[in-house]
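Engineer: I have a structure here, written as structure tokens, and I will follow up with some questions on it.
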Amino acid sequence: MIHTQGLTMERAQAELQKYYGYPDFREGQKHIVASLLQGGDTLGIMPTGGGKSICYQVPALLLPGLTLVVSPLISLMKDQVDALTTAGIPAAYINSTLSGKEANDRLRAARRGELKLLYVAPERLELDWFRMEMAELPISLVAVDEAHCVSQWGHDFRTSYLSVSPFVDGLPERPIVAAFTATATPEVMEDIVRLLRLRDPGVFVTGLGRDNLAMSVLRGENKREFVLDYAASHSQEPGIIYAATRKEVDDLYQRLSAAGVPAGRYHAGMSDEDRAANQEAFLYDDIRVIAATNAFGMGIDKSNVRYVIHYNMPKNMEAYVQEAGRAGRDGEPSSCILLFSAQDIMTQKFLIEQNPQDSERKQNDYRKLQQMIDYCYTTRCLRSAMLDYFGEEHDDAPCGKCSSCTDDRELVDITVEAQKIFSCIHRMRERFGVALVASVLKGSRSQKVLQYGFDKLPTHGALSAKTEKEITEIINVLISEGYLALSEGQYPIVRLQLPAADVLKGQAQVVQRVARAAKSGGSSRS
Ligand code: ADP
Ligand code: ZN
Numbered sequence: 001m002i003h004t005q006g007l008t009m010e011r012a013q014a015e016l017q018k019y020y021g022y023p024d025f026r027e028g029q030k031h032i033v034a035s036l037l038q039g040g041d042t043l044g045i046m047p048t049g050g051g052k053s054i055c056y057q058v059p060a061l062l063l064p065g066l067t068l069v070v071s072p073l074i075s076l077m078k079d080q081v082d083a084l085t086t087a088g089i090p091a092a093y094i095n096s097t098l099s100g101k102e103a104n105d106r107l108r109a110a111r112r113g114e115l116k117l118l119y120v121a122p123e124r125l126e127l128d129w130f131r132m133e134m135a136e137l138p139i140s141l142v143a144v145d146e147a148h149c150v151s152q153w154g155h156d157f158r159t160s161y162l163s164v165s166p167f168v169d170g171l172p173e174r175p176i177v178a179a180f181t182a183t184a185t186p187e188v189m190e191d192i193v194r195l196l197r198l199r200d201p202g203v204f205v206t207g208l209g210r211d212n213l214a215m216s217v218l219r220g221e222n223k224r225e226f227v228l229d230y231a232a233s234h235s236q237e238p239g240i241i242y243a244a245t246r247k248e249v250d251d252l253y254q255r256l257s258a259a260g261v262p263a264g265r266y267h268a269g270m271s272d273e274d275r276a277a278n279q280e281a282f283l284y285d286d287i288r289v290i291a292a293t294n295a296f297g298m299g300i301d302k303s304n305v306r307y308v309i310h311y312n313m314p315k316n317m318e319a320y321v322q323e324a325g326r327a328g329r330d331g332e333p334s335s336c337i338l339l340f341s342a343q344d345i346m347t348q349k350f351l352i353e354q355n356p357q358d359s360e361r362k363q364n365d366y367r368k369l370q371q372m373i374d375y376c377y378t379t380r381c382l383r384s385a386m387l388d389y390f391g392e393e394h395d396d397a398p399c400g401k402c403s404s405c406t407d408d409r410e411l412v413d414i415t416v417e418a419q420k421i422f423s424c425i426h427r428m429r430e431r432f433g434v435a436l437v438a439s440v441l442k443g444s445r446s447q448k449v450l451q452y453g454f455d456k457l458p459t460h461g462a463l464s465a466k467t468e469k470e471i472t473e474i475i476n477v478l479i480s481e482g483y484l485a486l487s488e489g490q491y492p493i494v495r496l497q498l499p500a501a502d503v504l505k506g507q508a509q510v511v512q513r514v515a516r517a518a519k520s521g522g523s524s525r526s
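One point on numbering: in full-length UniProt numbering, the residue at position 109 of the sequence shown is 109, and numbering is uninterrupted.
Shown next as structure tokens:
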């Protein structure tokens with residue numbers, strides 16, 4: 001048992017003030033620090049920029065002995081340690097960039113009790129000599145950064161994370177173990193607890209809905225025009241534009257440059273030098289905007305990014321929140337804009353199919369993709385929708401600044417359309433996908449419709465006044481709102497859900513937001 005008597009939050013706050021100059025912990029940090037000061041294993045879920053470093057650095061100052069920080073990014077260790085040293089906190093790192101002598105000097109400093117924090121990469125924990133060295137030291141806390149790397153469900157599994165737990169078991173006295181990640185899905189959280197063998201941990205999900213971020217989902221935009229206009233009219237502000245492919249990144253980069261916006265680009269197809277140059281230029285504000293694939297951003301610490309635009313829908317909410325969360329790390333108002341088109345769904349499905357993996361994993365990818373699509377179609381407050389997805393507690397008040405909250409487009413009653421759709425799906429015996437349902441409602445006489453005899457259904461052509469695209473949009477809204485559900489897999493089947501019953505019985509209303517300009521039959525000619 002690590003001795004934690006007398007470690008109060010008052011003392012923690014005093015250290016925070018003394019070394020960092022901050023008057024108080026952020027709300028999320030408070031719970032995590034308190035949990036660690038009570039000696040409890042702790043899992044902290046925080047977005048990038050949420051301030052997780054302080055969550056283990058301040059306890060490290062108060063706890064006896066040494067805190068070992070396991071961090072996957074060698075490139076970041078030096079920055080972290082430099083910052084600590086500048087603040088007057090004795091810290092060091094040991095990694096492959098050091099000579100044997102340098103590493104030895106630091107180990108000796110640790111043995112003399114001159115260090116409070118020691119940073120290492122997980123691979124080091126696999127080395128016998130290192131484990132033996134560590135067993136000689138009074139380690140109170142092991143802080144595992146980017147802990148989702150231990151999980152195969154995460155996006156960057158690292159085998160060496162599996163050695164954290166045996167390493168901890170090999171220490172003469174079991175330290176407190178703290179794990180941090182920005183990935184908050186239940187599978188990943190379970191894996192972290194299980195594979196790092198956290199003991200009855202306090203789990204704290206915080207700060208995903210940072211108040212300074214205005215979230216938007218825009219459907220049906222001309223994406224290219226939107227991006228060019230936006231970047232041009234925000235040319236003084238740093239921004240990131242994420243696109244799905246290298247080709248799109250190159251294209252955006254060229255168009256931005258041609259439009260006179262100082263732009264950069266970043267993707268895995270460029271040379272290391274080229275990438276580094278673009279990244280530097282962005283960090284130092286030589287260029288304002290960077291077009292990039294999701295290869296860009298891991299470990300980038302630029303606090304004044306004012307907007308993140310997603311040119312394509314990402315594969316899941318975790319990826320989205322991680323990338324969008326690179327906006328506004330300094331707490332200033334910033335925008336996260338997702339440009340959605342139905343083509344994005346096709347692209348993501350294609351990518352899932354391309355990826356060789358077992359069927360369980362594939363199902364999981366499809367389920368997450370569907371949740372991402374639901375987010376794109378919801379009419380609810382986007383902040384609430386996002387926090388619900390990650391299971392973070394929040395008040396029910398709408399945020400007042402997301403694209404749902406500020407949407408002044410008309411709410412149109414689509415109850416009748418919904419009834420027709422539900423009834424049609426029921427008559428088709430809930431065995432087909434969205435496209436076929438839409439074409440039956442449209443009144444199509446395609447071969448497939450005729451082959452199944454769906455042209456004989458009373459709902460055949462029930463929405464013939466609409467285009468199949470409009471019908472599909474309505475069905476997507478109904479899925480997002482939980483009236484309908486899709487089965488998993490490449491060719492999902494659309495099925496009725498319980499809430500649809502009330503709508504069919506005329507006991508509940510359904511609404512959809514419709515752009516004013518798109519409304520036909522306008523009578524307001526002046
Ligand atoms: P993370 O490691 O989660 O990405 P950091 O620990 O780097 O985040 O913190 C992000 C930023 O927030 C840093 O600039 C940090 O100084 C600042 N910060 C963290 N905690 C506080 C606090 N309690 N008060 C004010 N600023 C804070
Ligand atoms: Zn909102």
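Idealized CB from N, CA, C, for every residue including glycine.
For the ligand ADP, is there any heavy atom lying closer than 8 Å to the beta carbon of Gly202?
Structural biologist: no
Engineer: For the beta strand (DSSP E) containing Leu141, name the first residue and the last one.
Structural biologist: Ile139 to Val144
Engineer: Kindly list the residues whose CB is nearer than 6 Å to the CB of Glu10, restricted to its own chain and excluding five residues on each side of it in sequence; keep chain order.
Structural biologist: none
Engineer: Can you pull every residue whose C-beta falls closer than 5 Å to some heavy atom of the ligand ZN, listed in chain order?
Structural biologist: In chain order, the residues that have a beta carbon nearer than 5 Å to some heavy atom of the ligand ZN are Cys381, Arg383, Pro398, Cys399, Cys402 and Cys405.
Engineer: Closer than 8 Å is the cut-off here; do at least three beta carbon pairs connect the region 184-203 with the region 215-227?
Structural biologist: no
Engineer: Can you name the residues that DSSP bridges to Val177?
Structural biologist: In the DSSP secondary-structure assignment, Val177 is bridged to Val142.
Engineer: The alpha helix (DSSP H) that contains Asp344, what's its start and end?
Structural biologist: For Asp344, the uninterrupted alpha helix (DSSP H) segment begins and ends at Ala342 to Gln354.
Engineer: Report, in whole angstroms, the separation of the C-beta atoms of Gly325 and Gly49, which I expect to be a contact under 8 Å.
Structural biologist: 6 Å
Engineer: Assuming residue 528 and Cys149 are in contact, meaning their beta carbons sit under 8 Å apart, how far apart are those beta carbons, in whole angstroms?
Structural biologist: A question about residue 528 goes unanswered here, because the residues of the chain that appear run from 1 up to 526.
Engineer: Suppose the cutoff is 7 Å on Cβ atoms and the five residues either side in sequence are ignored; what does the same chain contact list for Leu115 look like?
Structural biologist: Leu66, Pro90, Ala91, Ala92 and Ala109
Engineer: Compute the beta-carbon to beta-carbon distance between Ile241 and Tyr284, rounded to the nearest angstrom, for a pair I have assumed lies under 8 Å.
Structural biologist: That belief does not hold up - the Cβ atoms of Ile241 and Tyr284 are roughly 19 Å apart, past 8 Å.
Engineer: Please list the terminal residues of the continuous beta strand (DSSP E) segment that includes Gln322.
Structural biologist: Unbroken run through Gln322 is the alpha helix (DSSP H), Met317 to Ala324; no beta strand (DSSP E).
Engineer: Identify every residue that forms a DSSP beta bridge with Ser216.
Structural biologist: Residue pairing from DSSP places Ser216 in a beta bridge opposite Ile337.
Engineer: Tell me whether Gln447 counts as near the ligand ADP, meaning its Cβ is closer than 8 Å to at least one heavy atom of that ligand.
Structural biologist: No, since every heavy atom of the ligand ADP falls outside the 8 Å radius drawn around the Cβ of Gln447.
Engineer: With a cut-off of 8 Å on the beta carbons, I'd call Leu486 and Gln370 a contact; round off their distance for me.
Structural biologist: Their Cβ separation, rounded to whole angstroms, is 6 Å, which keeps Leu486 and Gln370 in contact under 8 Å.
Engineer: Does any heavy atom of the ligand ADP sit closer than 8 Å to the C-beta of Asp301?
Structural biologist: yes
Engineer: When the Cα of Met46 is compared with those of Leu387, Gln512 and Gly461, which residue comes out closest?
Structural biologist: Leu387
Engineer: Looking at Val70: is its Cβ nearer than 9 Å to the Cβ of Ala121?
Structural biologist: yes
Engineer: So is Asp374 buried or exposed if we call it buried at 16+ other beta carbons inside 10 Å?
Structural biologist: buried
Engineer: Rounding to the nearest angstrom, what Cα-Cα distance links Glu392 and Pro458 in this structure?
Structural biologist: 45 Å
Engineer: Under 9 Å between the Cβ atoms of Phe25 and Leu16?
Structural biologist: yes
Engineer: Any chance the region 291-310 sits against the region 323-342, with 3 or more Cβ pairs inside 8 Å?
Structural biologist: yes
Engineer: Which partner residues of Thr415 appear in the DSSP bridge assignment?
Structural biologist: Partner(s): none; Thr415 has no beta bridge.
Engineer: Which residues mark the beginning and the end of the alpha helix (DSSP H) in which Phe226 is found?
Structural biologist: Lys223 to Ser233
Engineer: With a threshold of 8 Å, establish whether the CB of Phe167 neighbours any heavy atom of the ligand ADP.
Structural biologist: With a threshold of 8 Å, the Cβ atom of Phe167 does not count as near the ligand ADP, since no heavy atom of the ligand is closer than that.
Engineer: Use the C-beta contact count for Arg445: other C-beta atoms within 10 angstroms, 16 or more gives buried, fewer gives exposed.
Structural biologist: exposed
Engineer: For Leu137 and Arg111, what's the separation of their Cα atoms in angstroms?
Structural biologist: Pairing Leu137 with Arg111, the inter-Cα distance amounts to about 6 Å.
Engineer: Evaluate contact between the region 389-407 and the region 208-222, counting only Cβ atoms and requiring at least three cross-stretch pairs below 8 Å.
Structural biologist: yes
Engineer: If you check the beta carbons only, do Phe204 and Ile94 fall under 9 Å apart?
Structural biologist: In this structure, Ile94 does not lie closer than 9 Å to Phe204 by Cβ.
Engineer: Using the DSSP secondary-structure output, state which residues sit across from Arg265 in a beta bridge.
Structural biologist: Ala291
Engineer: I need the straight-line Cα distance from Ile300 to Gly443, nearest angstrom please.
Structural biologist: 52 Å
Engineer: For the 8 Å Cβ check, are there 3 or more pairs between the region 285-297 and the region 252-263?
Structural biologist: Short answer: they touch.
Engineer: Taking a contact to mean a Cβ-Cβ separation below 9 Å, would you say Arg380 touches Ser403 in this structure?
Structural biologist: no
Engineer: Which of the three DSSP states, helix, strand or coil, is assigned to Phe204?
Structural biologist: strand
Engineer: Kindly indicate the opening and closing residues of the beta strand (DSSP E) around Gly44.
Structural biologist: Thr42 to Ile45
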